[in-house]
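K.L.:
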Amino acid sequence: MSEGKFDVGSIVRAKRGSKRCRAMVATVGDGGEEHDPSRDTVCILWEPIYPKPISGRFLIAPKAGRLEAEREQAEVTVGVETVEELLPFERCGSNNSDETAVAPTATITASKHTSTKHNIGLWKERGDQLLRLGDASAATSYYEKALSDSSSVSIGGSIVLSVEGFPRIAEVDCIDDDEDDGGTIDVTLVHNGQERSVKEASVLLGIMEADADRLQERILLNLARCMLQLSDLDAANRPGYLKSAVLAATLVLALSSFRSSEEDSDGTPSPAKKHSQTALVLRCKAYTGLSRWKNARSDARQLVASGDEKQGSKLLAVVERKKATQSKQDKKLAKEICKLVESATNAARDGSEANPLRY
Numbered sequence: 000m001s002e003g004k005f006d007v008g009s010i011v012r013a014k015r016g017s018k019r020c021r022a023m024v025a026t027v028g029d030g031g032e033e034h035d036p037s038r039d040t041v042c043i044l045w046e047p048i049y050p051k052p053i054s055g056r057f058l059i060a061p062k063a064g065r066l067e068a069e070r071e072q073a074e075v076t077v078g079v080e081t082v083e084e085l086l087p088f089e090r091c092g093s094n095n096s097d098e099t100a101v102a103p104t105a106t107i108t109a110s111k112h113t114s115t116k117h118n119i120g121l122w123k124e125r126g127d128q129l130l131r132l133g134d135a136s137a138a139t140s141y142y143e144k145a146l147s148d149s150s151s152v153s154i155g156g157s158i159v160l161s162v163e164g165f166p167r168i169a170e171v172d173c174i175d176d177d178e179d180d181g182g183t184i185d186v187t188l189v190h191n192g193q194e195r196s197v198k199e200a201s202v203l204l205g206i207m208e209a210d211a212d213r214l215q216e217r218i219l220l221n222l223a224r225c226m227l228q229l230s231d232l233d234a235a236n237r238p239g240y241l242k243s244a245v246l247a248a249t250l251v252l253a254l255s256s257f258r259s260s261e262e263d264s265d266g267t268p269s270p271a272k273k274h275s276q277t278a279l280v281l282r283c284k285a286y287t288g289l290s291r292w293k294n295a296r297s298d299a300r301q302l303v304a305s306g307d308e309k310q311g312s313k314l315l316a317v318v319e320r321k322k323a324t325q326s327k328q329d330k331k332l333a334k335e336i337c338k339l340v341e342s343a344t345n346a347a348r349d350g351s352e353a354n355p356l357r358y
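The following block contains the structure:
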């Protein structure tokens, strides 16, 4: 691609409403007359909105659901000014660890932690660039890669588990790598000291050690933002994205609480408050989208209690307004259904009276 021309079959990024998404170039303007508007247009086919894993499985994003309805549309013609090339690291296909391996072979052991953290930060920065462009789908792939690399299960480490529907921090005591059942781990729950054995696959997240920069929390917050944006773009899978936003924000709250307890024990002021407040805002929005009004109100009130009264009160007002709107819509729909049922019943009765059964 050069001089503003795009090759047929190439993958580009184009405006889609207020956001940007990937698309394949189907045809380009043929350079007709100077004032011919077709010379400044490109016909594209939107790529599926669902993010593509760079490696492994996603920890936050939902499993691929139904193809969005937009995928079934024909070619879309857009102005060439709304189309742009992918970023260099996307075009070069540099989605591997070779580029980010910073430690020489002789010092791999000594610098393993530094190298890993550098790689995680690089994946996150790539996601940040894409999110700033408005491409939440592509950004999700890089954030998920960063989160996956930061999450590991090791003896003596800490993890987040789902216990009776709540995220709980646990310390890993033993790992049994049994391929027959996928591996089990023995853990001790931090909040009550209870010991139990769980499937390794049930671990929500491995907590990154010595995460002074709070990379995991920042990655999770941006993933929550991506999920909320994708829920607006992909109506067919909207509930799945909103539930994933709830998961990401909930993990931030669990991590912030865990980090705060560690810092408080050292007498150091906790920087977790801002992340917790942001997580409450994002989770409240996700709960509102799911019509889980009680949960949404609870998060907004927690936000007020945490000191952000302005934002919390604003969210409470939004929740109440949307709840009232949906209630009106539900009542209207119920009335319309009743009318349809009544109409069908009357039609059936009239037909029966006009044509009595003969025995």
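The numbering of the sequence shown is numbering that gives the first Met the number 0, which starts it at 0 and goes up by one. Glycine included, every Cβ here is placed at the ideal spot set by N, Cα and C.
List the residues that DSSP assigns as beta-bridge partners of Met-23.
P.N.:
Paired residues: Ile-10 and Leu-44.
K.L.:
Need the endpoints of the alpha helix (DSSP H) that Ile-218 sits in, please.
P.N.:
Its alpha helix (DSSP H) spans residues 214–232.
K.L.:
Under 8 Å, do Leu-58 and Gly-120 count as touching if we go by C-beta distance?
P.N.:
No. Outside cutoff.
K.L.:
Starting from Pro-87 and walking both ways along the alpha helix (DSSP H), at which residues does that stretch end?
P.N.:
Segment 87–90, the alpha helix (DSSP H) holding Pro-87.
K.L.:
For the alpha helix (DSSP H) holding Arg-296, just list the boundary residues, first then last.
P.N.:
Residues 292–304.
K.L.:
Identify every residue that forms a DSSP beta bridge with Glu-443.
P.N.:
The first residue shown for the chain is 0 and the last is 358, placing residue 443 beyond what the model contains.
K.L.:
Could you tell me the alpha carbon to alpha carbon distance between Asp-176 and Lys-198, rounded to whole angstroms?
P.N.:
For Asp-176 and Lys-198, the distance between alpha carbons rounds to 10 Å.
K.L.:
Can you give the Cα-Cα distance for Val-41 and Met-23, rounded to whole angstroms?
P.N.:
Whole-angstrom Cα-Cα distance: 10 Å.
K.L.:
Please list the terminal residues of the continuous beta strand (DSSP E) segment that includes Leu-281.
P.N.:
Careful: Leu-281 lies outside any beta strand (DSSP E), inside the alpha helix (DSSP H) at 272–288.
K.L.:
What are the boundary residues of the beta strand (DSSP E) that Glu-194 is part of?
P.N.:
Unbroken beta strand (DSSP E) run through Glu-194: 194–198.
K.L.:
Using a Cβ-Cβ cut-off of 6 Å (strictly less than) and excluding sequence neighbours within five positions of Gly-311, which residues of its own chain qualify?
P.N.:
The answer, listed in chain order, is Ala-299, Leu-302 and Val-303.
K.L.:
Excluding the five sequence neighbours on either side, which residues of its own chain have a C-beta within less than 8 Å of the C-beta of Ser-96, listed in chain order?
P.N.:
Any reading at Ser-96 must be qualified, since the residue scores a pLDDT of 46, below 50, and its modelled position is unreliable; the value itself is stated next. Closer than 8 Å at Cβ, skipping near neighbours: Asn-118.
K.L.:
On a Cα-Cα basis, can you pick out the residue from Glu-163, Lys-123 and Ile-48 that is closest to Ser-149?
P.N.:
The option with the nearest alpha carbon to Ser-149 is Lys-123.
K.L.:
From Ser-342 to Lys-331, what distance separates their C-alpha atoms?
P.N.:
Taking the straight line from one Cα to the other gives about 17 Å.
K.L.:
Going straight from the alpha carbon of Leu-250 to that of Leu-219, what length do you get?
P.N.:
Roughly 8 Å separates the two Cα atoms.
K.L.:
Report back the beta-carbon spacing between Gly-253 and Met-226 to the nearest angstrom; my notes put them in contact at under 8 Å.
P.N.:
A small fix is needed here, since residue 253 is Ala in this sequence, not Gly. Going by Cβ atoms, the distance from Ala-253 to Met-226 rounds to 17 Å, so no, they are not a contact pair.
K.L.:
Would Glu-83 and Arg-90 be called neighbours here (beta carbons separated by less than 8 Å)?
P.N.:
For Glu-83 and Arg-90, no; Cβs fall outside 8 Å.
K.L.:
Could you spell out where the alpha helix (DSSP H) holding Asp-148 opens and where it closes?
P.N.:
Looking at the DSSP string, the run of the alpha helix (DSSP H) that includes Asp-148 is 135–149.
K.L.:
Under the three-state reduction of DSSP, which class applies to Leu-206: helix, strand or coil?
P.N.:
In the sequence under discussion, the amino acid at residue 206 is Ile, which differs from the Leu named in the question. Of the three classes helix, strand and coil, the one that applies to Ile-206 here is coil, per DSSP.
K.L.:
Using DSSP with H/G/I as helix, E/B as strand and the rest coil, what is Gly-126?
P.N.:
In the structure shown, Gly-126 sits in a helix (DSSP, three-state: H, G or I).
K.L.:
Kindly indicate which three-state DSSP category Pro-238 falls into: helix, strand or coil?
P.N.:
Helix.
K.L.:
When you compare each of Lys-293, Lys-272, Gly-164 and Arg-217 to Ser-305 by their alpha carbons, which one comes out closest?
P.N.:
Nearest C-alpha to Ser-305: Lys-272.
K.L.:
Which residue marks the beginning of the beta strand (DSSP E) containing Gly-78, and which one marks its end?
P.N.:
Gly-78 -> beta strand (DSSP E) spans 75–78.
K.L.:
Is it the case that the stretch 42–50 contacts the stretch 189–205, given that we only count it when at least three CB pairs across the two stretches are under 8 Å?
P.N.:
As far as the Cβ criterion goes, the stretch 189–205 does not touch the stretch 42–50, which means the pair count is below three.
K.L.:
In terms of DSSP beta bridges, what is Thr-249 paired with?
P.N.:
None; Thr-249 has no bridge partner.
K.L.:
Can you have a look at Gly-16 and say buried or exposed, based on whether 16 or more other CB atoms are within 10 angstroms of its CB?
P.N.:
With fewer than 16 other Cβ atoms within 10 Å, it is exposed.
K.L.:
Please classify Ile-154: is it buried, with 16 or more other beta-carbons within 10 angstroms of its beta-carbon, or exposed?
P.N.:
So Ile-154 ends up on the exposed side.
K.L.:
I need the straight-line Cα distance from Ala-223 to Arg-131, nearest angstrom please.
P.N.:
About 14 Å.
K.L.:
Assign Asp-39 to one of three DSSP states: helix, strand, or coil.
P.N.:
Helix, per DSSP.
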